[in-house]
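Residue numbers (the UniProt record's numbering): 1 to 218. The beta-carbon is built from N, C-alpha and C at its ideal position, and this holds for glycine as well.
So, in C-alpha coordinates, the structure goes:
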(Lines of atoms letter the chains of each structure in order from A; the text may use other names.)
(Lines give C-alpha, C1' and ligand atoms only; values in the text may rest on other atoms or scores of the structure.)
Protein backbone atom coordinates (compact mmCIF):
# COMPACT_ATOMS: atom_id res chain seq x y z
CA UNK A 1 0.00 0.00 0.00
CA UNK A 2 1.49 3.37 -0.98
CA UNK A 3 1.31 6.40 1.29
CA UNK A 4 0.56 10.00 0.34
CA UNK A 5 1.98 12.72 2.59
CA UNK A 6 0.18 16.05 2.61
CA UNK A 7 2.98 18.65 2.34
CA UNK A 8 0.90 21.35 4.02
CA UNK A 9 -0.56 19.56 7.02
CA UNK A 10 1.93 16.71 7.11
CA UNK A 11 -0.90 14.21 7.44
CA UNK A 12 -0.23 10.64 6.38
CA UNK A 13 -3.05 9.33 4.19
CA UNK A 14 -3.25 5.66 3.27
CA UNK A 15 -4.64 4.98 -0.18
CA UNK A 16 -6.19 1.75 -1.38
CA UNK A 17 -7.80 0.82 -4.66
CA UNK A 18 -11.24 -0.73 -4.98
CA UNK A 19 -12.12 -2.70 -8.10
CA UNK A 20 -15.89 -3.11 -8.49
CA UNK A 21 -16.87 -5.62 -11.18
CA UNK A 22 -20.34 -6.56 -12.35
CA UNK A 23 -20.89 -10.28 -12.94
CA UNK A 24 -20.86 -11.75 -16.46
CA UNK A 25 -23.98 -12.15 -18.56
CA UNK A 26 -26.41 -14.74 -17.19
CA UNK A 27 -29.24 -16.72 -18.73
CA UNK A 28 -31.78 -14.36 -17.15
CA UNK A 29 -29.90 -11.35 -18.55
CA UNK A 30 -30.09 -12.90 -21.99
CA UNK A 31 -33.81 -13.64 -21.61
CA UNK A 32 -34.53 -10.16 -20.13
CA UNK A 33 -35.88 -11.58 -16.88
CA UNK A 34 -35.78 -9.81 -13.53
CA UNK A 35 -32.88 -11.14 -11.49
CA UNK A 36 -32.14 -9.85 -8.02
CA UNK A 37 -31.83 -12.46 -5.29
CA UNK A 38 -32.83 -15.25 -7.66
CA UNK A 39 -30.00 -16.60 -9.78
CA UNK A 40 -29.15 -18.14 -13.14
CA UNK A 41 -25.92 -19.48 -14.65
CA UNK A 42 -23.43 -17.54 -16.72
CA UNK A 43 -23.88 -17.86 -20.47
CA UNK A 44 -20.98 -18.58 -22.80
CA UNK A 45 -20.78 -14.84 -23.43
CA UNK A 46 -20.78 -14.25 -19.68
CA UNK A 47 -17.85 -16.60 -19.22
CA UNK A 48 -16.02 -14.85 -22.05
CA UNK A 49 -16.67 -11.47 -20.43
CA UNK A 50 -15.29 -12.72 -17.11
CA UNK A 51 -12.17 -14.13 -18.76
CA UNK A 52 -11.58 -10.84 -20.58
CA UNK A 53 -11.98 -8.96 -17.29
CA UNK A 54 -9.38 -11.30 -15.83
CA UNK A 55 -7.01 -10.53 -18.69
CA UNK A 56 -7.50 -6.80 -18.18
CA UNK A 57 -6.77 -7.21 -14.46
CA UNK A 58 -4.05 -9.83 -14.73
CA UNK A 59 -1.30 -7.47 -13.55
CA UNK A 60 -3.22 -6.41 -10.44
CA UNK A 61 -2.22 -8.30 -7.29
CA UNK A 62 -5.45 -8.51 -5.31
CA UNK A 63 -4.94 -8.67 -1.57
CA UNK A 64 -8.59 -9.63 -1.00
CA UNK A 65 -11.53 -10.74 -3.14
CA UNK A 66 -15.22 -10.54 -2.22
CA UNK A 67 -18.44 -11.53 -3.98
CA UNK A 68 -22.11 -11.56 -3.14
CA UNK A 69 -23.68 -14.89 -2.19
CA UNK A 70 -25.18 -15.21 -5.68
CA UNK A 71 -23.47 -17.90 -7.75
CA UNK A 72 -23.19 -15.61 -10.77
CA UNK A 73 -20.76 -13.37 -8.89
CA UNK A 74 -18.64 -16.17 -7.43
CA UNK A 75 -18.49 -17.90 -10.83
CA UNK A 76 -17.34 -14.61 -12.34
CA UNK A 77 -14.69 -14.10 -9.66
CA UNK A 78 -13.29 -17.58 -10.26
CA UNK A 79 -12.81 -16.73 -13.94
CA UNK A 80 -11.12 -13.40 -13.11
CA UNK A 81 -8.65 -14.60 -10.50
CA UNK A 82 -7.49 -17.74 -8.74
CA UNK A 83 -7.34 -15.92 -5.40
CA UNK A 84 -9.63 -17.19 -2.61
CA UNK A 85 -12.72 -15.09 -2.01
CA UNK A 86 -15.29 -14.29 0.67
CA UNK A 87 -19.04 -14.28 -0.04
CA UNK A 88 -21.23 -11.69 1.70
CA UNK A 89 -25.01 -11.27 1.59
CA UNK A 90 -24.78 -7.49 1.85
CA UNK A 91 -23.18 -7.39 -1.61
CA UNK A 92 -26.27 -8.94 -3.25
CA UNK A 93 -28.40 -7.28 -5.90
CA UNK A 94 -31.55 -5.38 -4.96
CA UNK A 95 -34.40 -7.70 -3.96
CA UNK A 96 -37.30 -7.33 -6.40
CA UNK A 97 -39.83 -9.23 -4.27
CA UNK A 98 -42.65 -10.75 -6.33
CA UNK A 99 -41.04 -9.41 -9.49
CA UNK A 100 -38.17 -11.90 -9.14
CA UNK A 101 -38.00 -14.18 -12.18
CA UNK A 102 -40.60 -12.17 -14.11
CA UNK A 103 -40.08 -10.53 -17.50
CA UNK A 104 -38.29 -7.20 -17.25
CA UNK A 105 -41.02 -5.36 -19.18
CA UNK A 106 -43.39 -5.90 -16.23
CA UNK A 107 -41.23 -3.73 -13.95
CA UNK A 108 -42.48 -0.25 -12.98
CA UNK A 109 -41.06 2.41 -15.30
CA UNK A 110 -37.95 4.32 -14.20
CA UNK A 111 -37.93 2.58 -10.82
CA UNK A 112 -34.19 3.08 -10.34
CA UNK A 113 -34.41 6.88 -10.46
CA UNK A 114 -37.98 8.16 -10.09
CA UNK A 115 -39.86 5.40 -8.27
CA UNK A 116 -37.28 3.97 -5.89
CA UNK A 117 -39.80 2.34 -3.52
CA UNK A 118 -41.60 0.53 -6.35
CA UNK A 119 -40.82 -3.00 -5.16
CA UNK A 120 -41.50 -2.47 -1.44
CA UNK A 121 -45.27 -3.21 -1.67
CA UNK A 122 -44.35 -6.51 -3.33
CA UNK A 123 -41.97 -7.64 -0.60
CA UNK A 124 -38.85 -6.19 -2.18
CA UNK A 125 -36.29 -3.59 -1.19
CA UNK A 126 -36.17 0.11 -1.92
CA UNK A 127 -33.22 1.44 -3.87
CA UNK A 128 -32.12 3.36 -0.77
CA UNK A 129 -32.15 0.23 1.41
CA UNK A 130 -30.02 -1.63 -1.11
CA UNK A 131 -27.62 1.28 -1.59
CA UNK A 132 -27.12 1.74 2.15
CA UNK A 133 -26.37 -1.91 2.93
CA UNK A 134 -23.98 -2.11 -0.03
CA UNK A 135 -22.07 1.06 0.89
CA UNK A 136 -21.82 0.06 4.55
CA UNK A 137 -20.45 -3.33 3.55
CA UNK A 138 -17.93 -1.91 1.06
CA UNK A 139 -16.64 0.60 3.61
CA UNK A 140 -16.30 -2.15 6.23
CA UNK A 141 -14.29 -4.23 3.77
CA UNK A 142 -11.98 -1.33 2.91
CA UNK A 143 -11.48 -0.54 6.58
CA UNK A 144 -10.72 -4.17 7.45
CA UNK A 145 -8.36 -5.07 4.61
CA UNK A 146 -4.76 -3.93 4.89
CA UNK A 147 -3.71 -4.69 1.31
CA UNK A 148 -3.68 -2.19 -1.53
CA UNK A 149 -6.00 -3.75 -4.13
CA UNK A 150 -9.47 -5.03 -3.24
CA UNK A 151 -11.74 -6.79 -5.76
CA UNK A 152 -15.50 -6.93 -5.23
CA UNK A 153 -17.70 -8.74 -7.76
CA UNK A 154 -21.29 -7.59 -7.40
CA UNK A 155 -24.28 -6.48 -9.47
CA UNK A 156 -25.52 -3.78 -11.81
CA UNK A 157 -27.81 -1.95 -9.38
CA UNK A 158 -25.48 -2.12 -6.39
CA UNK A 159 -22.56 -0.78 -8.41
CA UNK A 160 -24.86 1.75 -10.07
CA UNK A 161 -25.96 3.28 -6.76
CA UNK A 162 -22.33 3.35 -5.61
CA UNK A 163 -21.41 5.31 -8.74
CA UNK A 164 -24.43 7.56 -8.17
CA UNK A 165 -23.07 8.31 -4.71
CA UNK A 166 -19.42 8.92 -5.54
CA UNK A 167 -19.38 9.74 -9.28
CA UNK A 168 -22.88 10.99 -10.19
CA UNK A 169 -21.93 12.70 -13.45
CA UNK A 170 -20.27 9.55 -14.73
CA UNK A 171 -23.24 7.42 -13.67
CA UNK A 172 -25.57 9.68 -15.63
CA UNK A 173 -23.49 9.08 -18.76
CA UNK A 174 -23.58 5.33 -18.11
CA UNK A 175 -27.35 5.43 -17.60
CA UNK A 176 -27.73 7.16 -20.95
CA UNK A 177 -25.79 4.27 -22.52
CA UNK A 178 -28.08 1.55 -21.10
CA UNK A 179 -26.30 0.97 -17.80
CA UNK A 180 -23.24 -0.83 -16.51
CA UNK A 181 -22.17 -3.62 -18.88
CA UNK A 182 -21.68 -7.17 -17.68
CA UNK A 183 -18.12 -7.45 -16.32
CA UNK A 184 -17.75 -3.68 -16.46
CA UNK A 185 -14.99 -2.57 -14.07
CA UNK A 186 -15.07 0.57 -11.92
CA UNK A 187 -11.76 1.47 -10.26
CA UNK A 188 -11.83 3.76 -7.23
CA UNK A 189 -9.17 5.23 -5.00
CA UNK A 190 -10.19 5.03 -1.35
CA UNK A 191 -9.02 7.50 1.28
CA UNK A 192 -9.36 5.90 4.69
CA UNK A 193 -9.50 9.05 6.82
CA UNK A 194 -12.55 10.45 5.04
CA UNK A 195 -13.98 7.13 3.77
CA UNK A 196 -14.25 8.80 0.38
CA UNK A 197 -14.03 7.07 -3.00
CA UNK A 198 -12.71 8.79 -6.13
CA UNK A 199 -13.47 7.19 -9.47
CA UNK A 200 -10.21 6.57 -11.33
CA UNK A 201 -11.29 4.53 -14.33
CA UNK A 202 -14.16 2.66 -15.99
CA UNK A 203 -13.51 -0.36 -18.18
CA UNK A 204 -15.58 -2.57 -20.45
CA UNK A 205 -13.05 -5.35 -21.21
CA UNK A 206 -15.05 -7.00 -23.98
CA UNK A 207 -15.61 -3.77 -25.88
CA UNK A 208 -12.22 -2.12 -25.49
CA UNK A 209 -9.96 -5.16 -25.26
CA UNK A 210 -6.92 -5.23 -22.99
CA UNK A 211 -3.38 -3.94 -22.71
CA UNK A 212 -0.24 -5.07 -20.93
CA UNK A 213 -0.59 -2.58 -18.08
CA UNK A 214 -2.85 -2.91 -15.06
CA UNK A 215 -6.23 -1.87 -16.42
CA UNK A 216 -7.46 -0.72 -19.80
CA UNK A 217 -7.75 3.06 -20.06
CA UNK A 218 -10.84 4.45 -21.77
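Per DSSP, residue i forms a beta bridge with which residues?
i           : result
residue 42  : 26
residue 33  : 103
residue 67  : 87, 153
residue 15  : 191
residue 96  : DSSP output for residue 96 lists no bridge partner at all.
residue 134 : Per DSSP, none; premise fails for residue 134.
Does the Cβ of residue i have 16 or more other Cβ atoms within 10 Å, making it buried, or fewer, making it exposed?
i           : result
residue 86  : exposed
residue 123 : exposed
residue 169 : exposed
residue 140 : exposed
Kindly list the residues whose CB is nearer than 6 Å to the CB of residue i, restricted to its own chain and excluding five residues on each side of it in sequence; keep chain order.
i           : result
residue 130 : 94
residue 151 : 19, 62, 65
Spatial neighbours of residue i within its chain, please: CB distance less than 7 Å, with the 5 preceding and 5 following residues excluded, ordered by chain position.
i           : result
residue 127 : 94, 112, 116, 161
residue 107 : 34, 99
Taking the alpha carbon of residue i as the point to measure from, which residue in the options has its own alpha carbon closest?
i           : options           : result
residue 47  : 34, 33, 38, 71    : 71
residue 125 : 55, 20, 96        : 96
residue 104 : 203, 164, 29, 140 : 29
residue 202 : 183, 194, 64      : 183
residue 165 : 61, 198, 65, 21   : 198
Compare the C-beta of residue i against all C-beta atoms of chain B and say whether one is closer than 8 Å.
i           : result
residue 171 : Looking for chain B here will not work: only one protein chain is present.
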